[in-house]
């Protein structure tokens, strides 16, 4: 456990030491705010809720989270520090979890910094704060799931640009797999249970449940299992590909 | 004690290390020699537990590097090739991080960081980002990282590669001054380094051991071993006279010097000295060669290539 802490602290410190942290946070806050006001019609809706704000989170994450996750392992591999790290007395699990947690906590901080919009809606009206809290939780869990996907893809390559693009594509597929249009695309002879399983894997389906204020343990579990699964895959990929 | 038993590593159809076996005892400084691509780095990566062997075994003080990797890694300090480190950290932050991973906390941690800061003369750059440092300082940060926990086993992959002569000398002094009960394995292709710091040298090529002995023993395998190199004045007949000596195998001219090679097992100094005084040649320079490692290296590794 203490080893996870050491990795976590170094990783988090490296975000703050580079411009990455500031660029990420500022762009996230600006985009999250402007999407809510301009596209979401935050004021025009005339309702005291944050649906307009949370609706755009998946699409923001689609580009911002891979930008954060692309360097997780690709950079270590490219600079040779992966070899240094892996010859220190520290288990692969601690490294993978420590680095992931740092990135996840960092997105959590960016998310917390959006709280002025929460204050605003409370000032203007009388929103259901339970729904907003659930939405924040769902948004953070979804960011974590996308980070874990990105972590695994970053472990596959030395090249951060490739890691970014592939992560965007995979996250996009995992988001839209629940859409009617995608479900309808599967050929008729496919078993229903298969199509339903793929649809059930969609980030959006589970995130929307949170956004409606429904805090179902199954949705939490979905994201937790998703994160654990992708992180396990990360460890396996690193172990397999460490020689190249 | 490090024991390496029939170690093999293949990457697809390519065998980088092929059935290597040797052991290293505390107090030995082992020079690992070989041309580029000989399997030096791959072997070191297996000893340090970064790569898993295709077959064979590495044991570090009774800990199997594959089965008890963390125990083995605790005992080892490792400088990977090129001395990688986190460029955005300062040496102070980086060394603190390594010390924390190594399990040090509090005042013990600070004491260790200070000790390596002094040992490697990092004071001037200790709070600058590592990416802004010169190659020599980066290498020293890498070395500091490797010795911070005072390891029983120190594995250095080309520690002096790309350094200037002063920095090379400093790194060699550092290796020589490490306490005498450590195992040190240094890979290099600089042969003077082997004579300067190593108590033992292994030459590998094509993933196999070609020679294993003290630097002196390897030098003795050189045809220059025991040869006399000299430069004479007014001795036009020197070559023909020297060849007549019964102990002499051959005489060659090498950049204005005469090099006299002995027959196997014969000593040349006394007879050559006698001949010089008899003939009344004027000697500008004369010395007995110990043997040339680079020549041994070329001969041995050339046979494989």
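Chains as they are written, first to last, in the working numbering: chain X, 24 to 267; chain W, 3 to 307.
We put the beta carbon where it would ideally sit given N, CA and C, even for glycine.
What you are looking at is a predicted structure, and each value in this text was computed from that prediction instead of being measured.
- Residue 266/X reaches chain W at 13, 53, counting residues in chain order whose Cβ is nearer than 7 Å.
- By the Cβ neighbour-count rule, residue 257/X is buried, with 16 or more other Cβ atoms within 10 Å of its own.
- Annotated three-state conformation of residue 18/W is strand, per DSSP.
- In the same chain as residue 59/X, and ignoring 5 residues on each side of it, the C-beta atoms closer than 7 Å to its own belong to 65, 75, 76, 79, 140, in chain order.
- For residue 7/W, the closest of 166/W, 265/W, 20/W by C-alpha to C-alpha distance is 20/W.
- At a C-beta separation below 9 Å, residue 30/W has no neighbours in chain X, since its nearest C-beta there lies roughly 21 Å away.
- One Cα belongs to residue 206/X, the other to residue 249/X, and the distance between them is close to 21 Å.
- The region 55-71 of chain W makes no contact with the region 167-184 of chain W, as fewer than three CB pairs between them are under 8 Å.
- If you compare the alpha carbons of 229/X, 32/X, 169/X with that of residue 117/X, the shortest gap goes to 32/X.
- Neighbourhood of residue 86/W in chain X, by CB distance below 7 Å: 102, 103, 104, 106, 107, in chain order.
- The alpha-carbon of residue 188/W is positioned some 26 Å away from that of residue 94/W.
- As the crow flies, the alpha-carbon of residue 191/W is around 14 Å from that of residue 294/W.
- Neighbours of residue 37/X across chain W, judged by C-beta separation under 9 Å: 88, 90, 91.
- The region 33-44 of chain W and the region 295-303 of chain W touch, with three or more beta-carbon pairs separated by less than 8 Å.
- By the rule that beta-carbons nearer than 8 Å mark a contact, residue 139/W does not touch chain X.
- Annotation: the region 185-239 of chain X contains the following complete segments of the alpha helix (DSSP H) (minimum length 4 residues), in chain order: 203-206, 215-223, 226-234.
- If you draw a 10 Å sphere on the C-beta of residue 289/W, you find fewer than 16 other C-beta atoms in it, and that means exposed.
- Using beta-carbon distances, residue 171/X does not count as an interface residue toward chain W, since no partner is under 8 Å.
- Taking the Cβ atoms as the reference, residue 291/W lies roughly 7 Å from residue 228/W, within the contact range of under 8 Å.
- Under the Cβ criterion (8 Å, minimum of three pairs), the region 83-103 of chain X counts as touching the region 178-195 of chain X.
- For residue 99/W, a Cβ of chain X is located within less than 8 Å of the residue's own Cβ.
- When C-alpha distances from residue 246/W are compared across 273/W, 173/W, 206/W, 123/W, the shortest belongs to 273/W.
- By the rule that beta-carbons nearer than 8 Å mark a contact, residue 177/X does not touch chain W.
- For residue 102/W, the enclosing alpha helix (DSSP H) covers residues 93-103.
- When Cβ pairs closer than 8 Å are counted between the two stretches, the region 100-107 of chain X is seen to touch the region 77-85 of chain W, the count reaching three or more.
- Beta bridge pairing from DSSP links residue 202/W with 32/W.
- For residue 279/W, the enclosing alpha helix (DSSP H) starts and ends at 271-281.
- Secondary structure remark: continuous alpha helix (DSSP H) runs of at least 4 residues inside the region 65-153 of chain X, in chain order: 74-77, 80-92, 94-102, 104-109, 115-135, 138-147.
- Residue-level contact by beta carbon fails for residue 186/W and chain X, as no gap is shorter than 8 Å.
- For the pair of segments examined, the region 174-188 of chain X was found not to touch the region 139-157 of chain X: the number of CB pairs separated by less than 8 Å stays below three.
- Under the DSSP definition of a beta bridge, residue 155/X lacks any partner.
- Not a single CB atom of chain X sits nearer than 8 Å to the CB of residue 300/W.
- Within the same chain, and ignoring the five residues on either side of residue 123/X in sequence, the residues whose Cβ sits closer than 7 Å to its Cβ are 170, 171, 174, 254.
- Between residue 156/W and residue 185/W, the alpha-carbon positions lie close to 6 Å from each other.
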